[in-house]
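> Sharing a structure here in structure tokens format.
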Amino acid sequence: MSDPKSNLTLREQLNSGRFIYGAELVTTRGMPEPDQPSKLVELGEGLAADNRIAWVSITDNPGGNPMIPADWVANVLKPRGKQLVIHLTCKDLNRNGLESAAWRYAAEGFDNILALTGDYPTAGFKGLAQPVFDLDSVSLIAMLSTMNAGLEITKPNGKTEKLTKTNFFTGCAVSPFKQQERELMPQYFKLARKIQAGASWVVPQLGYDMRKFHEIKLFLDWARLSAPIVGNVYVLNKTVARMFNQNRIPGCVVSDALYAQVEKYAAGPDKGKAFFTELAAKQLAVFKGMGFAAGYLGGVHKADAFAAIIDLAESYGENDWKQFAREIQFPKEKEFYLFEQDPATGLGDGARLNAEYEKSLQNPEKPAEVGFNYQLSRFVHSLAFNPGRGLFPAMQKIFGRLESGKHTTTLGALHTVEHASKVALYGCKDCGDCSLPECGYLCPRNSCSKNQRNGPCGGSANGHCELEDKDCIWSRAYDRLKYYGESRDMLSGPAVFVNPALSGTSAWANNYRGRDHAHVAVPNGTKPEPTPAKPV
57 MSDPKSNLTL REQLNSGRFI YGAELVTTRG MPEPDQPSKL VELGEGLAAD
107 NRIAWVSITD NPGGNPMIPA DWVANVLKPR GKQLVIHLTC KDLNRNGLES
157 AAWRYAAEGF DNILALTGDY PTAGFKGLAQ PVFDLDSVSL IAMLSTMNAG
207 LEITKPNGKT EKLTKTNFFT GCAVSPFKQQ ERELMPQYFK LARKIQAGAS
257 WVVPQLGYDM RKFHEIKLFL DWARLSAPIV GNVYVLNKTV ARMFNQNRIP
307 GCVVSDALYA QVEKYAAGPD KGKAFFTELA AKQLAVFKGM GFAAGYLGGV
357 HKADAFAAII DLAESYGEND WKQFAREIQF PKEKEFYLFE QDPATGLGDG
407 ARLNAEYEKS LQNPEKPAEV GFNYQLSRFV HSLAFNPGRG LFPAMQKIFG
457 RLESGKHTTT LGALHTVEHA SKVALYGCKD CGDCSLPECG YLCPRNSCSK
507 NQRNGPCGGS ANGHCELEDK DCIWSRAYDR LKYYGESRDM LSGPAVFVNP
557 ALSGTSAWAN NYRGRDHAHV AVPNGTKPEP TPAKPV
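According to the numbering used here, the sequence shown holds residues 57 to 592 in order.
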């Protein structure tokens, strides 16, 4: 069991080889009346007092709703001596706001951060809040890693200063509960990118399929990556299960098969309480048996209910989890798995990739996404935008001479031609820092509600954006890149940081002159090859 009185940090506990427990504390909108106790604080203090719980994790405006800041709650609980995790999302703050929040957390002594892209806002004062998404989870993790190494800034006098190093222990999320290959594989590849960017631990999003949870562990082994995995458990009730089943909470999945069970047990005298409690306890037992570092409980509103579930989980026999792992498999119909099923365990077999998937890599069918537009884009890129080859060196010289000679009229005309052609082909928004080659020639500002340039968020369902108004850009990009044998490396390389200062300028000029995020104009005229995040 966890011992909150130990002096071990969360980093040390998750890497100790000893299974521990965490609890989620969801913040609230508004505050209690002056003469009334805060139920939020009471729950937090109850969790902090429980010896079975190693850490309390505090949410950041979940569901896109405005809530009390996570670090306010953390400061109230800090005297209890419990390890605390603060969620930090990208939906409400730009990069400066996120950096400022990170400095505040570091100064307050809160080093455990769960870095998330965040849900698209759903409510706000007198209307929908304007989402930000200046950074995403990958670029946020990369920024926190840079702060850990000592962020270098340029002072007004032009000199460089290296700021005090932070000590963030940054976690990330992954959503394995995707029905389609085109949705699931980009999730796994983005997980690899997050770990390479500096994420040190992993929390899967919510689902009820132990085979899919286990597959995260198999993927990390396959990708030659290592990070402790924290199994995520949400204690269901009928109302929440229905919302999950209807995709009303992005990234949280309850299949039709599980929802049928929920309806059955919820019709009983206890409204399904015993079933939901047992399901949660069995999940914790399976996570421990599968070798996860911890189990993480949410969806409970009383501290003694957390304790009861943990007690039940620890009452099971040493090998009971093996049967539970077979029982708790509620995938969607025709759900894709990366690994073949092991008949002996009912879980994935790390030695055998999905045979149909491997076959499709060798002989991919041409998807509808690979049309004339995309093929033309690839041809033009190979001709004019491949560093060191084709027309690229000549275009570098041409744009260099035009800029050095201040031929603004000619440069303006070229920008007009560029923008007009890219609007027609891609719906270009003239950001000046183009990611078309990285996104399968789909404009992220036009085709993604969150402008995701480092991979998919976790909110999609059945290949559709969480806003349900379009196909997920990264599912479409996967289809395109897989046909050309490039899917496994689609998210390799360092995190993309878009430079808003380039908005309204020529992306062609910025590319040839080395001003965009790719920095392709390196001294030897070639672009360095990124280190693959996955086996080739």
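Each residue gets a CB set at the ideal place from its N, CA and C atoms; glycine is no exception. In this text, all values refer to a predicted model and were calculated from it rather than measured experimentally.
Does VAL289 come out as helix, strand or coil in the three-state DSSP assignment?
Residue state, collapsed to three classes: strand.
> With burial defined as no fewer than 16 other Cβ atoms inside 10 Å of the residue's Cβ, what is the status of MET266: buried or exposed?
buried
> So VAL141 is in the beta strand (DSSP E); what residue range does that whole segment cover?
139-145
> Secondary structure at PRO588, three-state DSSP: helix, strand or coil?
Note that PRO588 scores a pLDDT of 39, beneath 50, so its modelled location is shaky; the value from the coordinates is reported in the next line. Looking at PRO588 - three-state DSSP - the assignment turns out to be coil, as it is neither helix nor strand.
> Is ALA341 helix, strand or coil by DSSP?
helix
> Is the stretch 487-502 in contact with the stretch 442-458, if contact means three or more CB pairs nearer than 8 angstroms?
Contact fails: fewer than three Cβ-Cβ distances are below 8 angstroms.
> Please tell me whether PHE362 and LEU103 are closer than 8 angstroms, where the distance is taken between their beta carbons.
yes
> Excluding the 5 residues preceding and the 5 following GLY174 in the sequence, name in chain order all residues of the same chain whose CB lies nearer than 6 angstroms to its CB.
THR145, CYS146 and LYS147
> Among all the DSSP beta bridges, which residues are the ones paired with PRO260?
DSSP lists VAL230 as partners of PRO260.
> So, at 7 angstroms on beta carbons, what are the nonlocal neighbours of VAL426 in its own chain, with the 5 sequence-adjacent residues on each side left out?
ARG536 and TYR539
> Answer with buried or exposed for HIS143, where buried requires no fewer than 16 other C-beta atoms within 10 angstroms of its C-beta.
buried
> Could you spell out the range, first to last residue, of the alpha helix (DSSP H) harbouring LYS485?
LYS485 -> no alpha helix (DSSP H), and no H or E assigned at all.
> Count the other C-beta atoms from every protein chain shown that fall within 10 angstroms of the C-beta of HIS270, then say buried if there are 16 or more, exposed otherwise.
buried
> Can you tell which of ARG408, GLU391, PRO387 and LYS388 has the C-alpha that lies nearest to the C-alpha of GLN397?
ARG408
> For the alpha helix (DSSP H) that ASP367 lies in, which residues bound it at each end?
359-371
> For the 8 angstroms Cβ check, are there 3 or more pairs between the stretch 360-374 and the stretch 245-260?
no
> So which of PHE166, ASN121 and ILE109 has the shortest CA-CA distance to VAL132?
PHE166
> Taking the straight line between their C-alpha atoms, what separation do you get for GLY560 and LEU492?
16 angstroms
> Would ASN293 pass as a contact of GLY328 if the rule is Cβ separation under 8 angstroms?
For ASN293 and GLY328, yes; Cβs fall inside 8 angstroms.
> Leaving out five residues before and five after ASP192 in sequence, what residues of the same chain have Cβ atoms less than 6 angstroms from its Cβ?
Closer than 6 angstroms at the Cβ level, and outside the excluded window around ASP192, lie CYS146, THR173, GLN508 and ASN510.
> Closer than 7 angstroms by C-beta to HIS475: which residues in its own chain qualify, once you throw out the five before and the five after it? Chain order, please.
CYS484 and ASP486
> Compute the Euclidean distance between the alpha carbons of ALA480 and PRO122, then round it to the nearest angstrom.
38 angstroms
> In whole angstroms, what separates the C-alpha of LYS134 from that of PHE386?
39 angstroms
> Just how far apart, CA to CA, sit CYS308 and TYR244?
17 angstroms
> Which residue from THR202, GLY287, PRO232 and GLU374 puts its Cα closest to that of CYS513?
PRO232
> Is it right to say ALA157 is buried, meaning 16 or more other beta carbons lie within 10 angstroms of its own, or is it exposed?
Of the other Cβ atoms in all chains shown, 16 or more fall within 10 Å of the Cβ of ALA157; this residue is therefore buried.
> Kindly list the residues whose CB is nearer than 8 angstroms to the CB of THR582, restricted to its own chain and excluding five residues on each side of it in sequence; keep chain order.
Caution applies to THR582, whose pLDDT of 35 falls short of 50 and renders its modelled position unreliable; the value that the coordinates give is listed next. Within the same chain, THR582 has close Cβ partners PRO443 and GLY444.
> Beta-carbon within less than 6 angstroms of GLU217's beta-carbon, same chain only, minus the 5 sequence neighbours each way: which residues are those?
ILE209 and LYS211
> Taking the continuous beta strand (DSSP E) assigned at GLN397, which residues delimit it?
395-397
> Among LEU170, ALA279 and ASP405, which one has its Cα closest to the Cα of LYS268?
Of the candidates LEU170, ALA279 and ASP405, the one whose C-alpha sits nearest the C-alpha of LYS268 is ASP405.
> Could you tell me the distance, in whole angstroms, from the CA atom of GLU522 to the CA atom of ARG457?
46 angstroms
> Expressed to the nearest angstrom, what Euclidean distance is found between the alpha-carbon atoms of PHE225 and ALA255?
8 angstroms
> Going by beta-carbon coordinates alone, are PHE331 and TYR315 separated by less than 8 angstroms?
no
> So, under 8 angstroms CB-CB, ILE114 and ALA126 are touching, yes? Tell me the CB distance rounded to an integer number of Å.
4 angstroms
> In the structure shown, what three-state DSSP assignment does TYR534 receive?
helix
> Could you tell me the distance, in whole angstroms, from the CA atom of ALA336 to the CA atom of GLY354?
10 angstroms
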